[in-house]
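To start, the structure under review is shown below, and the notes come after it.
As structure tokens, then:
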């Protein structure tokens, strides 16, 4: 009895070990990961439902073209994306193809988590018709760690329908921050209860960066320190506090509820008429609203100030340093950015295509919403400044967490502007310390 | 001889669990204890930092805030949950028709647990256009977005915890069944009304279960993570109002890669929970009544 039991338990034990390792993704039992079967690569991206739909379609098309490569998609919204990627990276099993953001690329490249792609150009990655400055956005220390997946620039989303209901004409291209403040105050007197002119943009790091650049400052200096003084931040917070108190900008609690992706924004929820966003997001905004949405540049600085905006990679495509199949991963990236069929599925939802050939092929058949994005980037092109260096290590913590904290402390009346600013500089200093 | 053989079989059966315990729990825990004395950031090899991480607690206002938020949560949610569970259990105790259906219905929220779905539901209920505010609007009150106002956000999470009173309720129901009918009959004969009988008979006999539920609930509350993570989008907002200890720990470790600091936080939490649990066991001597022991109050 005892003997038989032990033999059976041995078998059961072996089965359990197999099941366990299969769960862990090792696949050691039975299945051979030989060279005969398709090579499986993972691809991760963040985005809205619209992007998930298009990208999955594109991956299916890629699968028909390359049956030897199997792509496992992993997608989520913005916030969860970085937590998951960080955890996967820490655990040593990141996806092969990683949709990367300009603000995170230094962090990942300098930590050695990304693979330099220079050796795969031009055999696998056909980027010859990408403009040099377009490619430069993915270079860290002169190595290509990410391929630009779309050009965009910040854009102030306007709900034209709501503006007209309030009896206000959409602003023209010359709007400065002062004009913006006056306009939102005017709207505040006509808007229905619970609807505000603007979102409470005090902790929108892009709006703040634009405002800083117009006065010749920047988020970060080239050597990775803060590029502005406490007085700048104090003035910025005061600007928004005035608007909030005049009910021209949303309340702090309403703004706090807008965290996350496009569907949570106050513009999509028809609570505000102006939202600080990025041009490629128009596709997502328009798919969620029946109203007419238009793009406007962020407000300008006073006469004679520098351009605040710049053309940036809306996102990049990177390959993990841990990838077993970097060549196949790069093949997928190449297809997503240059293949005529696949790029026409993706359209300009990730931004204006970086390849000149693709751009001219797609521009003709773009739908009215995408047409607006093309026109906007054409319009912005001559009005932008240079691309700032990517955020240093710890930079995201500063532009995200600590700026949000400062804005909320003041917006909820938990701290004075001066207290919030000095707290911010203390927190930022710690975050940026090497 | 035979006995030893059976022992060996038993160990074989235990082996998968034992391997899991050593490799997946004990090993990593010991490593994290070591890491808590280093500046490990996932990339560079850890450098010994002495007690620096622990000393930083004193100057980290976000840490101190996280401690405060967590204590408010524990102190608020544990007694409320246990009290509520006891009250409902007393109401649902008995043999009347249809009580089974009620018990099932009241247990349902706990089956859903501290899940993602419930947290999203909560955001809908306590959001600016949520159920609560729609109700308030009927009586002419315009409520704030409860979930994103620092003053109220933590209380919506406490309510959520209390709402999941099912498992302590179930334990109380089982306990109520165990109380000998004779004791109640004797009390009736002595002229005790329902309240007197509850205070004099039911409550003392239930104290072991009250104690058990308090300890379990306390430990779980200290470790709360999912609701705040989902509701605040992982950031503990607004303005750190729902930045629970575990949420801050997770953010420091897995978003900002300060693994040394996060490990120090984890071990501190373990110590605090152990301390509080031990404290409760000490007080238990004075108020928990075990029927099988002599001399208790």
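Residue numbers (this note's numbering), protein chains in the order written: chain A, 2 to 435; chain B, 216 to 512. Glycine included, C-beta positions come from ideal geometry on N, C-alpha and C.
CB contact flag (residue i, residue j, <7 Å)
i, j, result
"residue 201/A", "residue 404/A", "no"
"residue 96/A", "residue 43/A", "yes"
"residue 429/A", "residue 234/A", "no"
"residue 397/A", "residue 219/A", "no"
"residue 460/B", "residue 285/B", "yes"
"residue 258/A", "residue 360/B", "yes"
"residue 315/A", "residue 265/A", "no"
"residue 263/A", "residue 49/A", "yes"
"residue 276/A", "residue 162/A", "no"
"residue 289/B", "residue 437/B", "yes"
"residue 474/B", "residue 250/B", "yes"
"residue 381/A", "residue 154/A", "yes"
"residue 329/A", "residue 70/A", "yes"
"residue 336/A", "residue 63/A", "yes"
"residue 206/A", "residue 400/A", "yes"
"residue 106/A", "residue 321/A", "no"
"residue 413/A", "residue 253/A", "yes"
"residue 125/A", "residue 332/A", "yes"
"residue 446/B", "residue 274/B", "no"
"residue 139/A", "residue 145/A", "yes"
"residue 364/A", "residue 375/A", "yes"
"residue 352/A", "residue 371/A", "no"
"residue 362/B", "residue 380/B", "no"
"residue 309/A", "residue 211/A", "yes"
"residue 317/B", "residue 327/B", "no"
"residue 52/A", "residue 350/A", "yes"
"residue 383/B", "residue 428/B", "yes"
"residue 464/B", "residue 477/B", "yes"
Counterpart residues of residue i in DSSP-defined beta bridges
i, result
"residue 94/A", "DSSP output for residue 94/A lists no bridge partner at all."
"residue 435/B", "Answer is none; residue 435/B lacks a bridge partner."
"residue 253/B", "263/B"
"residue 224/A", "None, per the DSSP bridge assignment."
"residue 131/A", "356/A"
"residue 75/A", "45/A"
"residue 158/A", "276/A, 296/A"
"residue 101/A", "317/A"
"residue 40/A", "70/A"
"residue 140/A", "145/A"
"residue 197/A", "273/A"
"residue 177/A", "301/A"
"residue 152/A", "314/A, 353/A"
"residue 115/A", "321/A"
"residue 250/A", "199/A"
Listed by chain order, chain B residues near residue i by CB distance under 7 Å
i, result
"residue 276/A", "Neighbours of residue 276/A on chain B: none; closest Cβ ~16 Å, over 7 Å."
Residue i: contacting residues in chain A (beta-carbon distance under 7 Å)
i, result
"residue 455/B", "406"
"residue 299/B", "Here the premise fails: no neighbours, minimum Cβ distance about 28 Å."
Chain-ordered chain B contacts of residue i [CB-CB under 9 Å]
i, result
"residue 197/A", "Neighbours of residue 197/A on chain B: none; closest Cβ ~12 Å, over 9 Å."
"residue 413/A", "364, 365, 366, 453, 454, 456"
Beta-carbon neighbours of residue i, restricted to chain B and to distances below 8 Å
i, result
"residue 255/A", "343, 360, 363"
Assumed close pair residue i, residue j - CB separation to whole angstroms, cut-off 8 Å
i, j, result
"residue 296/A", "residue 283/A", "6 Å"
"residue 442/A", "residue 229/A", "Since the first residue shown for chain A is 2 and the last is 435, residue 442/A is missing from the structure and cannot be characterised."
"residue 59/A", "residue 343/A", "5 Å"
"residue 311/A", "residue 387/A", "6 Å"
"residue 130/A", "residue 356/A", "5 Å"
"residue 424/B", "residue 394/B", "With a Cβ gap of about 11 Å, residue 424/B and residue 394/B do not count as contacting."
"residue 391/B", "residue 416/B", "In fact, because the Cβ distance is near 11 Å, the residues do not count as touching under 8 Å."
"residue 368/B", "residue 457/B", "5 Å"
"residue 292/B", "residue 377/B", "6 Å"
"residue 264/B", "residue 253/B", "5 Å"
"residue 147/A", "residue 317/A", "3 Å"
Proximal chain A residues relative to residue i, where beta-carbon distance stays under 8 Å
i, result
"residue 469/B", "84, 87, 88, 91"
"residue 450/B", "80, 260, 402, 405"
Chain A residues whose Cβ lies nearer than 9 Å to that of residue i
i, result
"residue 331/B", "Those within 9 Å of residue 331/B in chain A number zero; the least Cβ separation is about 11 Å."
"residue 257/B", "87, 90, 91, 112"
Residues of the stretch 108–139 of chain A with Cβ closer than 7 Å to any Cβ of chain B, in chain order: Of all residues in the stretch 108–139 of chain A, those with a C-beta nearer than 7 Å to a C-beta of chain B are 112, 113, reading in chain order.
Mind listing which residues of the stretch 386–411 of chain A have their C-beta closer than 8 Å to chain B's C-betas, in chain order? Within the stretch 386–411 of chain A, the qualifying residues are 395, 398, 402, 405, 406, 409, 410.
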